[in-house]
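Only one structure is covered here, and it is reproduced in the block below.
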Amino acid sequence: MFGNRVSRQLFYHNRRFFSVTQKLAKAELTVRTPYRTIFENFAEYTRIYVWTIDGLLAIGNRSNPRVYLLPPGEMEVTGMDKGEGNNFTGNDGKLIHSGGWLFVHENNSIEVNFVDASEKEDFDFDKLTLPDGLESDSAAGKVAAQLQEKTFKRIMRVR
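Using our numbering, the letters of the sequence shown correspond one by one to residues 10 to 168.
The structure is reproduced here in structure tokens:
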């Protein structure tokens, strides 16, 4: 009887601490490209709006841990203030990107990795062109041309 009670208490006590990570008080955002970090452990924002392959997604504090594939398009960080970790030069919080991945971690941090991204105010929509077809002679060129065409159509639809 005594052994049963002790083993039960040990079981419930250890189960409580199984796979538990320390959560941040407020969600921290990190947005990176291969050559630039736009936000790094930045917590002075309200919500992120981003298009996924399933539709528009709003991510805020205490979101469920998930991984999302991001097609080319726009991401908006709302309610952001200037603060530590904010390397964003624009004022509206809008980014145009060419695709990437979004990770919502268990510890209430959000990490976004883009292939390429630019502030929407600095983005020149008039310089976007459809592929001319000269590069599409090889198999790699055909894939790149299809990707460029899909990116062009997606960004023009967001515009």
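Cβ coordinates follow ideal geometry from the N, Cα and C atoms, glycine included. In this text the structure is predicted, and so the values were computed from the model without any measurement.
>> Using the Cβ count rule (16 or more neighbours within 10 Å means buried), how would you classify F48?
In response: Flag for F48 reads buried.
> Just how far apart, CA to CA, sit G99 and Q31?
Replying inline: The alpha-carbon atoms of G99 and Q31 are separated by roughly 33 Å.
> Would DSSP call G150 helix, strand or coil?
Replying inline: Collapsing the DSSP output to three states places G150 in a helix.
> Which value, in whole angstroms, describes the spacing of the CA atoms of K35 and E83?
Replying inline: Going by the C-alpha atoms only, they are around 24 Å apart.
> beta strand (DSSP E) containing F48: first to last residue?
Replying inline: Per DSSP, F48 belongs to the beta strand (DSSP E) from R45 to F51.
> From the DSSP output, which residues share a beta bridge with A126?
Replying inline: Paired residues: H106.
> Helix or strand or just coil, what does DSSP make of E93?
Replying inline: Coil at E93, not helix or strand.
>> Just to confirm the assignment, what range does the beta strand (DSSP E) spanning E37 have?
In response: Per DSSP, the unbroken beta strand (DSSP E) holding E37 starts and ends at E37 to T42.
> Do you know how far the Cα of V124 is from the Cα of S118?
Replying inline: Roughly 20 Å separates the two Cα atoms.
>> As a quick exercise: from Y77, Y44 and M165, pick the residue whose alpha carbon is nearest that of V113.
In response: Of the candidates Y77, Y44 and M165, the one whose C-alpha sits nearest the C-alpha of V113 is Y77.
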